[in-house]
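Colleague: Before I ask anything, let me first share the structure, which is written out below as structure tokens.
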């Protein structure tokens, strides 16, 4: 697929562009409106593909839970190893489309890897993640980032007290959730590890408060997010923080999301995932 189409889609999902404007520009790039349905089928998420680990996998237990957040009751999806008495815990922070089947599948993958994993629905204050992903994106823009971070800190506290947790909690976030993972690392001294997948960088002036070791994954073609990475990395170096940064060349933003055929890159996704699991095990053991 033409990289210009992928770049337009990323602009649509993150700027964001109104869908009408996106489709008008897409028709120009595609050469005709008739080509649009086939393009959308390849580039937009197809959550039917989010089943690497099914909900009824015999190795894990899953449930819908609610915890008391800073904004009130926050709903979440939780998965854990079925046979483990105590396991390290991970907060899974969703993209700007809310708590969807892809994020739930990632949560189950972490459970299979040996973690208690909980994915909060951070749109809970607004009624929860809707079926329409574009509506979810609009709702994300209505959230107060500081209050959202406080909801994530509450999720950490809930996991620390959870009967199957070893009380050591890390976080992994994707896209918007990667940015929130950075914010959480800045604000939560009890966070033991943070994994960021192509998330917006925090204010470099704030990195001095980060206590958790960081694992940062970026996509080489992701011009928007990558523009602020050098200043972030320089601040981390100057502050003497523990971090690893990997730039995956020739892949797009959201390369880990296997429900978006044109942006997903299996080689990069598998490598980043294996690095993340190893990193979390090392720092949360």
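Residue numbers (full-length UniProt numbering): 1 to 285.
Idealized CB from N, CA, C, for every residue including glycine.
1) Mind listing, in chain order, the continuous alpha helix (DSSP H) runs of no fewer than 4 residues lying wholly within the region 25-105?
2) Let's test the definition: count the other Cβ atoms within 10 Å of the Cβ of residue 32 and tell me whether it reaches 16, buried, or not, exposed.
3) Between the alpha carbons of residue 133 and residue 65, how many angstroms are there, rounded?
4) Which residue wins for smallest C-alpha separation from residue 62, given the options 17, 117, 87, 49?
5) Would you decide whether residue 55 is buried or exposed? Buried here means 16 or more other CB atoms lie within 10 Å of its CB.
6) Have a look at 15, 109, 98 and flag the residue whose alpha-carbon is nearest the alpha-carbon of residue 60.
7) Do the CB positions of residue 124 and residue 73 come within less than 8 Å of each other?
8) Consult DSSP for residue 251 and reduce its assignment to one of helix, strand or coil.
9) Taking Cβ positions, are residue 104 and residue 176 nearer each other than 8 Å?
10) Name the residue from 225, 212, 271 whose alpha carbon lies nearest to the alpha carbon of residue 242.
11) Whose C-alpha, out of 194, 219, 119, is nearest the C-alpha of residue 280?
12) Name the DSSP bridge partner or partners of residue 165?
13) For residue 120, which three-state DSSP category applies?
14) Within this structure, are the beta carbons of residue 91 and residue 161 separated by less than 8 Å?
15) Would residue 22 be called buried (16 or more neighbouring beta carbons within 10 Å of its own) or exposed?
16) Taking Cβ positions, are residue 196 and residue 221 nearer each other than 8 Å?
17) According to DSSP, what are the bridge partners of residue 193?
18) According to the Cβ coordinates, are residue 164 and residue 87 closer than 8 Å?
19) So is residue 141 buried or exposed if we call it buried at 16+ other beta carbons inside 10 Å?
20) Could you check where the alpha helix (DSSP H) with residue 256 kicks off and where it finishes?
21) Looking only at C-alpha atoms, which of 34, 256, 263, 283 sits nearest to residue 270?
22) Report back the beta-carbon spacing between residue 129 and residue 99 to the nearest angstrom; my notes put them in contact at under 8 Å.
23) Do three or more CB pairs link the region 175-192 to the region 203-210 at distances below 8 Å?
24) Measure the beta-carbon distance from residue 81 to residue 111 and round it to whole angstroms, keeping in mind my assumption that it falls under 8 Å.
25) Under a three-way DSSP split, which group does residue 246 fall into?
26) What are the boundary residues of the beta strand (DSSP E) that residue 218 is part of?
27) Whose CA, out of 28, 148, 224, lies closest to the CA of residue 69?
28) So the candidates are 48, 53, 120; which of them puts its Cα closest to the Cα of residue 75?
29) In three-state DSSP terms, what is residue 276?
30) What did DSSP end up calling residue 318 once you bin it into helix, strand or coil?
Modeller: Working from what's here:
1) Every alpha helix (DSSP H) stretch that sits fully inside the region 25-105 and reaches 4 residues is listed by chain position as 36-43.
2) Position 32 of the chain shown, counted from the first residue, corresponds to residue 32. By the neighbour-count rule (16 or more Cβ atoms within 10 Å), residue 32 is not buried but exposed.
3) As a first step, residue 133 is located in the chain shown; it is residue number 133 there, counting from the start. As a first step, residue 65 is located in the chain shown; it is residue number 65 there, counting from the start. Using only the alpha carbons, I get a separation of about 22 Å.
4) The count along the chain shown starts at 1 and reaches residue 62 at position 62. When only C-alpha atoms are compared, the closest one is 117.
5) Working through the chain shown from its first residue, we reach residue 55 at position 55. Result: exposed.
6) Stepping through the chain shown from its first residue, residue 60 is reached at position 60. The shortest Cα separation from residue 60 among 15, 109, 98 belongs to 109.
7) The count along the chain shown starts at 1 and reaches residue 124 at position 124. The count along the chain shown starts at 1 and reaches residue 73 at position 73. Yes, they are a contact pair.
8) Along the chain shown, one-based indexing puts residue 251 at 251. Looking at residue 251 - three-state DSSP - the assignment turns out to be coil, as it is neither helix nor strand.
9) Working through the chain shown from its first residue, we reach residue 104 at position 104. Working through the chain shown from its first residue, we reach residue 176 at position 176. No, Cβ-Cβ distance for residue 104 and residue 176 is not below 8 Å.
10) Here residue 242 is taken as the residue at index 242 of the chain shown, counted from 1. The residue with the shortest Cα to Cα distance from residue 242 is 212.
11) Mapped onto the chain shown, residue 280 falls at position 280. Comparing Cα-Cα distances from residue 280 to each of 194, 219, 119, the minimum goes to 194.
12) Taking the first residue of the chain shown as position 1, residue 165 is located at position 165. 87, per the DSSP bridge assignment.
13) Taking the first residue of the chain shown as position 1, residue 120 is located at position 120. Strand.
14) Here residue 91 refers to the residue found at position 91 of the chain shown. Here residue 161 refers to the residue found at position 161 of the chain shown. No, they are not a contact pair.
15) The residue given as residue 22 occupies position 22 in the chain shown. Residue 22 is buried by the Cβ-count criterion.
16) Along the chain shown, read from residue 1 onward, the residue named residue 196 stands at position 196. Along the chain shown, read from residue 1 onward, the residue named residue 221 stands at position 221. No. Outside cutoff.
17) By one-based count along the chain shown, residue 193 stands at place 193. According to DSSP, which records beta bridges pairwise, residue 193 is partnered with 170.
18) Numbered from 1 along the chain shown, position 164 holds the residue referred to as residue 164. Numbered from 1 along the chain shown, position 87 holds the residue referred to as residue 87. Yes, Cβ-Cβ distance for residue 164 and residue 87 is below 8 Å.
19) Within the chain shown, the letter at position 141 stands for residue 141. By the 10 Å Cβ count, residue 141 comes out exposed.
20) Counting from 1 along the chain shown, the entry for residue 256 is found at position 256. Element bounds for residue 256: n/a, residue is neither H nor E.
21) Residue numbering aside, residue 270 sits at position 270 when the chain shown is read from its first letter. Ranking 34, 256, 263, 283 by Cα distance to residue 270 puts 256 first.
22) Locating residue 129 in the chain shown gives position 129, counting from the first residue. Locating residue 99 in the chain shown gives position 99, counting from the first residue. The Cβ separation is near 5 Å, so the contact holds.
23) When C-beta atoms of the region 175-192 are compared with those of the region 203-210, three or more pairs fall below 8 Å, so the two segments count as touching.
24) On the chain shown, residue 81 is found 81 positions in, with the first residue counted as 1. On the chain shown, residue 111 is found 111 positions in, with the first residue counted as 1. Approximately 6 Å separates the beta-carbon atoms of residue 81 and residue 111; this is inside 8 Å, confirming the contact.
25) Here the question's residue 246 lines up with position 246 in the chain shown. Here residue 246 sits in strand by DSSP.
26) As a working mapping, residue 218 is identified with position 218 in the chain shown. Unbroken beta strand (DSSP E) run through residue 218: 214-219.
27) By 1-based counting over the chain shown, the position of residue 69 is 69. The shortest C-alpha separation from residue 69 is found at 148.
28) For this step, residue 75 is matched to residue 75 along the chain shown. It is 120 whose Cα lies nearest to the Cα of residue 75.
29) For the purposes of this step, residue 276 is taken as residue 276 along the chain shown, with counting starting at 1. Three-state result, residue 276: helix.
30) With the chain represented from 1 up to 285, any question about residue 318 goes unanswered, as that position is not in the structure.
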